Amino acid sequence: MSGRVLHLDASNFDEVVGKADKPVVVDFWAEWCPPCHMFAPVFEAVAEELGDKAIFARVNVDEAKEIAARLNIMAIPTVVVFVGGKPVDRVVGAVGREALLELVMRHL
Numbered sequence: 006m007s008g009r010v011l012h013l014d015a016s017n018f019d020e021v022v023g024k025a026d027k028p029v030v031v032d033f034w035a036e037w038c039p040p041c042h043m044f045a046p047v048f049e050a051v052a053e054e055l056g057d058k059a060i061f062a063r064v065n066v067d068e069a070k071e072i073a074a075r076l077n078i079m080a081i082p083t084v085v086v087f088v089g090g091k092p093v094d095r096v097v098g099a100v101g102r103e104a105l106l107e108l109v110m111r112h113l
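Per the working numbering, the sequence shown runs over residues 6 to 113.
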């Protein structure tokens with residue numbers, strides 16, 4: 006995982022997402038999910054490209070089932086954008102760089 010991508014779980018999710026002063030872009034994934042592994046480098050590249058304009062994080066749904074359930078994550082990978090602590094946008098599936106950039110840029 007890139008140095009720009011945080012690992013969130015039940016112990017820090019609400020604090021990081023709720024107190025952020027910029028959009029938080031969260032990749033919900035699992036170790037057993039091949040599309041998640043294919044998507045990870047795209048997510049990390051966009052995190053590097055956008056630098057400090059947003060906070061990028063990943064949540065392993067197997068380690069944080071309650072967070073995934075609360076946000077109605079039904080398929081992975083799913084990327085959810087939070088603004089002001091609230092989910093405002095999402096995309097499901099291993100999207101490409103351009104689609105991920107477009108998703109994030111809508112909220113910057």
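Where a beta carbon is used, it is the ideal one built from N, C-alpha and C, also for glycine.
Nothing here was measured: the structure is a model prediction, and the numbers come from that model.
Of the candidates L105, A25, C41, C41 places its Cα closest to the Cα of I81.
Contact between the region 60 to 74 and the region 91 to 101 is not established, with fewer than three Cβ pairs separated by less than 8 Å.
R63 is bridged by DSSP to H12, D32.
In the three-state reduction of the DSSP assignment, K27 falls in the coil class, being assigned neither a helical nor a strand state. Closest in alpha carbon position to D26, among V100, G89, E107, is G89.
With fewer than 16 other Cβ atoms inside 10 Å of its own Cβ, P46 counts as exposed.
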